[in-house]
Structure formats: C-alpha cells, structure tokens
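*Asks:* Please find one structure pasted underneath; my questions will follow.
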Amino acid sequence: MDRKKAGAVLNLELLGGIAGLVLIICSVAACLDIDNMQGFFVLISGLGVLVNGILAGLKLLRKKYILGTILVFFAAALFVLFVLQLLTAERLLG
C-alpha cells in the first residue's frame, strides 16, 4: 500500500472511530432520555449509515470486495431506514 492510500485509510479509520463513539453516546442518551428518543434514533440510524459506509470503503480499499459489497448493502438498508425515520419524525413534529 502506497503512502497516499495509507493516509486515506488512516483518515477513514479515524473518522469511523469518531462516528462510532458518537453513535454509542447517542444510543446511551436515547435510553436515558425517553422523551426525545425518536430524535436520537433518527440520529443513530444516520450515524449507522456513516459507519457502515466507512467500513465498506475501508474493505473495498483493502481489496476485500465481497465483505465491502455486503457492507454497502447494509449501509443502503440503513439509509432507507434513516429516510423513513426522518419522514415519520417530520410528520410527528409538524
């Protein structure tokens, strides 16, 4: 792996770690704050799309195409869930 590709992988790993940490914090906050749980779950599913997309990108950069493709499908499914939750939350708020 050349230096440019290694730098991109390191940046993706750092971004994925931060997104995963925020996802865990939001999950705990959703369990503790029952009144705002709907908003936290929208945020959690959006962060799940980000984390799975980053993991898919890392696997594809490392030439693990089957696992990368599976993670892309999971990210797409989470994106659909995210959009549905956004529409439901918007309908409840508005």
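Counted from 1, the sequence shown has number 67 at position 67 by the working numbering; the numbering is strictly sequential. Every residue, glycine too, gets a C-beta built ideally from N, C-alpha and C. Just so it is clear, the structure is predicted and the values come from calculations on it, not from any experiment.
Note down the Cα distance separating Phe-73 from Val-49, rounded to an integer number of angstroms.
*Replies:* Taking the sequence shown and counting its residues from 1, the one referred to as residue 73 is at position 73. Taking the sequence shown and counting its residues from 1, the one referred to as residue 49 is at position 49. Rounded to whole angstroms, Phe-73 to Val-49 spans 10 Å at the Cα level.
*Asks:* When the Cα atoms are used, what is the spatial distance from Arg-91 to Gly-16?
*Replies:* As a working mapping, residue 91 is identified with position 91 in the sequence shown. As a working mapping, residue 16 is identified with position 16 in the sequence shown. Between Arg-91 and Gly-16, the C-alpha separation is close to 31 Å.
*Asks:* Judging by CA-CA distance, which residue of Ile-44, Ala-76 and Leu-58 is the nearest neighbour of Leu-23?
*Replies:* Locating residue 23 in the sequence shown gives position 23, where the first residue counts as 1. For the residues Ile-44, Ala-76 and Leu-58, the minimum Cα distance to Leu-23 belongs to Ile-44.
*Asks:* Nearest to Leu-86 by alpha carbon, out of Tyr-65, Lys-63, Leu-60 and Gln-38?
*Replies:* Residue 86 sits at position 86 when you count from the first residue of the sequence shown. Looking at the Cα atoms, Gln-38 is the closest of the given residues.
*Asks:* Confirm, please, whether the CB-CB distance from Val-28 to Leu-61 is below 8 Å.
*Replies:* Residue 61 sits at position 61 when you count from the first residue of the sequence shown. Residue 28 sits at position 28 when you count from the first residue of the sequence shown. Taking 8 Å as the Cβ cut-off, Leu-61 and Val-28 do not qualify as a contacting pair.
*Asks:* Who are the near neighbours of Leu-67 in its chain, counting only those whose CB is closer than 7 Å to its CB and skipping five residues on each side?
*Replies:* Translated into positions along the sequence shown, residue 67 becomes position 67. These residues qualify, in order along the chain: Lys-59.
*Asks:* Under DSSP, the alpha helix (DSSP H) around Lys-64 begins and ends at which residues?
*Replies:* Along the sequence shown, read from residue 1 onward, the residue named residue 64 stands at position 64. It is not in any alpha helix (DSSP H) - Lys-64 carries neither H nor E in the DSSP assignment.
*Asks:* Below 8 Å between beta carbons: does that hold for Val-42 and Ala-19?
*Replies:* Start at 1 with the first residue of the sequence shown, and residue 42 comes out as number 42. Start at 1 with the first residue of the sequence shown, and residue 19 comes out as number 19. No, they are not a contact pair.
*Asks:* Is it right to say Leu-34 is buried, meaning 16 or more other beta carbons lie within 10 angstroms of its own, or is it exposed?
*Replies:* As a working note, residue 34 is residue 34 in the sequence shown. Note on identity: in this sequence residue 34 is Ile, with Leu being the wrong assignment. When all chains shown are included, Ile-34 counts as exposed.
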